[in-house]
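Structure record follows, encoded as structure tokens.
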Amino acid sequence: MSRPERIAHSKITRKFRSAGQQLLFAQGKGGEVSDANGARYIDFVMGYGPVIIGHSDDLFNEMVCGHLVNGVMMPGYTVFHQEYLERLLGDRPGDRGAFFKTASEAVTAAFRLAAMRTGRLGVVRSGYVGWHDAQIANSLKWHEPLHSPLRERLRYTDGMRGVGGSEPALNWVDLRLESLAELLDQHRGSLGCFVFDAYLASFTTPEVLRQAVAMCRDAGLLTVFDETKTGGRISPLGYDHDHGLGSDLVVIGKALANGAPLSLLVGGAELLAHAERARLSGTFSKEMIAVYAALATRDILEKPAGDSPDGWAEIGRIGTQVAATITSAARDAGVASLVGARPVLGGGMFELTYADEVLGDKEGRDALLNAFAAAGILLLEGHPSFVSLAHRDIDWGELRDRAHQAFEQWTASTGANRE
Ligand SMILES: Cc1ncc(COP(=O)(O)O)c(C=O)c1O
18 MSRPERIAHS KITRKFRSAG QQLLFAQGKG GEVSDANGAR YIDFVMGYGP VIIGHSDDLF
78 NEMVCGHLVN GVMMPGYTVF HQEYLERLLG DRPGDRGAFF KTASEAVTAA FRLAAMRTGR
138 LGVVRSGYVG WHDAQIANSL KWHEPLHSPL RERLRYTDGM RGVGGSEPAL NWVDLRLESL
198 AELLDQHRGS LGCFVFDAYL ASFTTPEVLR QAVAMCRDAG LLTVFDETKT GGRISPLGYD
258 HDHGLGSDLV VIGKALANGA PLSLLVGGAE LLAHAERARL SGTFSKEMIA VYAALATRDI
318 LEKPAGDSPD GWAEIGRIGT QVAATITSAA RDAGVASLVG ARPVLGGGMF ELTYADEVLG
378 DKEGRDALLN AFAAAGILLL EGHPSFVSLA HRDIDWGELR DRAHQAFEQW TASTGANRE
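Here the sequence shown stands for residues 18 to 436, where the numbers follow this note's numbering.
Given below as structure tokens:
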């Protein structure tokens with residue numbers, strides 16, 4: 018008798034299937050995971066970005082376990098929280114950090130600080146910035162290329178509070194400065210916060226983003242760079258810091274603690290001093306296991322890796338190689354004019370790229386994801402995929418063969434035209 022389904026899924030958590038059955042995972046090691054039936058997959062989902070060292074890394078496990086003798090929750094913050102922020106923010110002497118478990122929480126905290134400072138509840142968003150109501154209500158398929166026919170369909174329109182009237186939640190869709198200027202002008206007086214997903218920096222230039230931040234600040238908005246995917250992955254602090262954009266607040270999440278839940282809101286001491294009045298914390302904000310994991314992650318990534326000066330650079334090299342391997346498999350399978358892969362923001366992430374005729378074909382793209390899963394590769398579609406330090410040990414010939422097999426199966430099942 019089959020067991021009843023107990024887990025309430027979101028669309029995202031039921032993405033991966035084998036022979037029509039949803040995968041239930043049992044174990045991860047290095048750059049691979051296996052499912053409940055023991056089938057092995059090369060994993061480029063990596064928990065949607067957090068697993069940056071690799072699954073169940075021996076050194077990481079040893080370091081985290083070594084810290085556990087100190088306990089996991091104290092009445093308040095600890096020397097471990099303090100040490101972590103000192104290491105993370107060493108280059109930003111004026112900054113403080115607020116601890117959270119998820120980035121959605123940290124972005125909500127930024128919205129509240131913005132509203133307290135400006136007296137205005139409206140927000141301008143660009144990119145996926147979390148699942149809380151004002152973050153996701155009436156939003157787009159943000160990871161689609163700017164010209165994709167799938168990009169602009171409004172999603173998550175039901176059951177959301179705090180998104181209308183004097184609390185507009187607006188989308189900066191096309192990343193043109195003229196449209197941002199229009200939004201700021203039309204809603205002057207009701208907008209308090211601008212938030213930008215740093216992944217979308219790969220769609221534009223640092224100069225455009227510098228001007229966007231300056232325009233929003235001139236219009237009296239608090240500016241937030243959301244480095245949830247990028248901070249701790251493309252570099253220790255992410256895009257805003259590396260390019261000197263100077264947003265008021267930075268959100269970092271995902272890759273800080275190799276899978277343990279940790280997210281931070283970082284900004285000037287004067288702004289973060291409002292955290293007390295704004296009540297920005299919950300029971301688990303001061304939890305320590307994630308901080309032990311973050312200290313261990315940093316210990317590992319700070320060291321030279323392979324020929325690279327540190328783990329962040331090595332991860333960029335690895336993701337660039339993964340993208341090139343998938344592209345060359347597409348070439349071998351005769352589908353390179355339809356699909357390929359490219360490194361994103363230095364290679365810590367990579368994504369599938371499509372010719373225009375495939376871009377709007379949702380079914381064809383889903384079929385490709387399924388073909389990859391069937392060939393033993395889990396990656397993301399319509400979203401960047403993630404690599405870890407452990408992927409340097411993958412068998413590159415095997416990756417290429419499996420990707421080739423996936424493209425072959427895709428063309429067989431969809432009749433996609435080969436050149
Ligand atoms: C840019 C960005 N912001 C916020 C979030 C929300 O993070 P969490 O799922 O930890 O709440 C995500 C998650 O994918 C993200 O990519």
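Every residue gets a Cβ at the ideal spot worked out from N, C-alpha and C, and that includes glycine.
Item	Value
Buried or exposed: where does residue 82 fall if 16 or more other Cβ atoms within 10 Å of its Cβ makes it buried?	exposed
Whole angstroms are fine: how far does the CA of residue 402 sit from the CA of residue 120?	18 Å
Rank 149, 273, 86 and 393 by C-alpha distance to the C-alpha of residue 310 and give the top, closest one.	273
For residue 411 and residue 153, I'd like the C-alpha separation in whole angstroms.	36 Å
Does the distance from the C-beta atom of residue 116 to that of residue 288 stay below 8 Å?	no
State the start and end residues of the unbroken beta strand (DSSP E) segment that holds residue 186.	186–188
Can you tell me which of the three DSSP states residue 223 falls into?	helix
To the nearest angstrom, how far is it from the Cα of residue 328 to the Cα of residue 313?	13 Å
Please work out which residues of its chain come closer than 6 Å, Cβ to Cβ, to residue 419, disregarding the five sequence neighbours upstream and downstream, and give them in chain order.	392, 393 and 394
Taking 8 Å as the threshold (C-beta atoms), are residue 59 and residue 407 in contact?	no
So residue 365 and residue 336 are in contact, right, with Cβ under 8 Å, and what is the actual spacing, rounded?	5 Å
Quick check: what's the CA-CA separation for residue 76 versus residue 45?	15 Å
Terminal residues of the continuous beta strand (DSSP E) containing residue 244?	239–244
Ligand 1 and residue 151: does any heavy atom of the ligand fall closer than 7 Å to the residue's C-beta?	no
Please classify residue 112: does DSSP put it in a helix, a strand, or coil?	strand
Distance, Cα to Cα, residue 251 vs residue 195?	29 Å
From the DSSP output, in three-state form, read off residue 98 for me.	helix
Could you check what DSSP says for residue 193 in three-state terms: helix, strand or coil?	coil
Quick one: using the 10 Å Cβ neighbour count with 16 as the cut-off for buried, is residue 413 buried or exposed?	exposed
Does the contact criterion of 3 or more C-beta pairs under 8 Å hold for the segment 210–218 versus the segment 229–245?	yes
Please return the same chain residues whose Cβ sits closer than 8 Å to the Cβ of residue 97, not counting the five positions on each side in sequence.	84, 87, 305, 308, 309 and 312
Cβ of residue 245 versus every heavy atom of ligand 1: is any distance shorter than 7 Å?	yes
Beta-carbon within less than 8 Å of residue 404's beta-carbon, same chain only, minus the 5 sequence neighbours each way: which residues are those?	48, 61, 63, 332, 335, 336, 339, 364, 365, 366 and 367
Just list the residues that DSSP pairs residue 281 with in beta bridges.	116 and 269
Taking Cβ positions, are residue 166 and residue 351 nearer each other than 8 Å?	no
Could you check whether the Cβ of residue 120 sits closer than 7 Å to any heavy atom belonging to ligand 1?	yes
For residue 131, which residues from the same chain have a beta carbon less than 6 Å from its beta carbon, with the 5 sequence-adjacent residues on both sides left out?	209, 210 and 239
Which same chain residues end up closer than 6 Å to residue 283 when comparing Cβ atoms and leaving out the 5 residues on each side of it in sequence?	112, 114 and 267
Nearest-angstrom Cα distance between residue 33 and residue 201?	40 Å
Between residue 354 and ligand 1, is there a pair consisting of the residue's CB and a ligand heavy atom that are separated by less than 7 Å?	no
Who are the Cβ neighbours of residue 189 in its own chain at under 6 Å, not counting the five residues just before and after it?	141, 143 and 197
Indicate the three-state DSSP secondary structure (helix, strand or coil) for residue 158 in the structure shown.	coil
Going by DSSP, which residues form a beta bridge with residue 256?	None, per the DSSP bridge assignment.
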